[in-house]
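In the UniProt record's numbering, the protein residues as written are 1 to 323.
So this is what it looks like as structure tokens:
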């Protein structure tokens, strides 16, 4: 197998220069030397030994992304961007599905651990201390609302966007509304529901019905009939766009030209799909690029000490035809 010394010799540079040129990190080396090193590595069939590199740098350039599942449409928008930016920073991801608290316990009991530089935790089944034990790492970025004073966190400020959406409905004469929610076990969802209830009370809108889904299109489609009968509310708010899409398809007759005739419809997540003609659903979202940028900033320069302040990302209301 060719070595870094063979590459350096063929390129006519030192081993240090060859190593810098082949590093995923942006390290100083002239463009001419970098091109010679890359050409030499290609000619020899040389591949970087990540294990040997990790012993030197104490890093493996792997980031664990811990999720409940990936069937929500909102995951597609966020994770595609997140993985792209992590890879652009010279790292790769290992995706770990933790679909229950029992699964977290199984990880701990069996001693399953991945050697990673950091973990990004979206799953609402794991708290910060447990994830630190799972990965034997202090750099655990909590994105599920279950952070503690030792863990950095990035949190969308959802109350702002929710308040704007409810105010929009109130300004259009809405006096009664229903709410379609997701997993009750999620702390993020609990805070989201509390924000809706507070906004309804503030604007004099009565909550006349609730239904629980699982953030999926199917669950929204399934509850539509129960919410839109003869006692149909003037507005339905959903805590995910996918559920609102299911309701819209189940009630297309109530939206001629995608405009509401019996009730207004509001989603949550501001999916990129909503910018197309099929699902012009009024929604609430945050800047996903800013969200990912703050996560990458934490990975690049981890905060130290205790009582780490969570980073808040502002949300906003995005009006469309269904509202």
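Every residue, glycine too, gets a C-beta built ideally from N, C-alpha and C.
No experiment lies behind these values; they were computed from the predicted model shown.
Going by Cα to Cα distance, which pick from the options is closest to residue i?
| i | options | result |
| --- | --- | --- |
| residue 90 | 104, 63, 41, 253 | 63 |
| residue 4 | 34, 41, 29, 28 | 41 |
| residue 258 | 249, 321, 234 | 321 |
| residue 124 | 304, 67, 210 | 67 |
| residue 1 | 191, 46, 11 | 46 |
| residue 240 | 180, 166, 28 | 180 |
| residue 70 | 248, 122, 87 | 122 |
| residue 228 | 19, 132, 249 | 249 |
Quick check: the Cα distance between residue i and residue j, rounded to an integer number of angstroms?
| i | j | result |
| --- | --- | --- |
| residue 232 | residue 266 | 15 angstroms |
| residue 302 | residue 152 | 8 angstroms |
| residue 79 | residue 213 | 22 angstroms |
| residue 54 | residue 115 | Because residue 54 sits at a pLDDT of 48, beneath the cut-off of 50, its placement in the model cannot be relied upon, and the point is left open. |
| residue 175 | residue 168 | 12 angstroms |
| residue 12 | residue 94 | 37 angstroms |
| residue 268 | residue 210 | 16 angstroms |
Using DSSP with H/G/I as helix, E/B as strand and the rest coil, what is residue i?
| i | result |
| --- | --- |
| residue 243 | helix |
| residue 142 | strand |
| residue 162 | helix |
| residue 315 | strand |
| residue 278 | coil |
| residue 293 | helix |
| residue 30 | coil |
| residue 254 | helix |
| residue 195 | helix |
| residue 261 | coil |
| residue 148 | coil |
Report yes if the C-beta of residue i is less than 7 angstroms from at least one heavy atom of the ligand ATP; otherwise report no.
| i | result |
| --- | --- |
| residue 253 | With respect to the ligand ATP, the structure shown offers nothing to examine, as it has no ligands at all. |
Residue i: buried (16+ other C-beta within 10 angstroms of its C-beta) or exposed?
| i | result |
| --- | --- |
| residue 187 | exposed |
| residue 275 | exposed |
| residue 100 | exposed |
| residue 84 | exposed |
| residue 14 | exposed |
| residue 189 | buried |
| residue 57 | At residue 57 the pLDDT is 47, less than 50, meaning the model places this residue with poor confidence and gives no usable figure here. |
Cβ contact check for the region 166 to 182 and the region 211 to 222: 3 or more pairs under 8 angstroms: yes
Segment contact, 8 angstroms Cβ cut-off, at least three pairs: the region 305 to 316 with the region 156 to 175: yes
Three-pair Cβ contact test at 8 angstroms for the region 126 to 143 versus the region 281 to 299: yes
Cβ pair count under 8 angstroms reaching 3, the region 249 to 258 against the region 184 to 199: no
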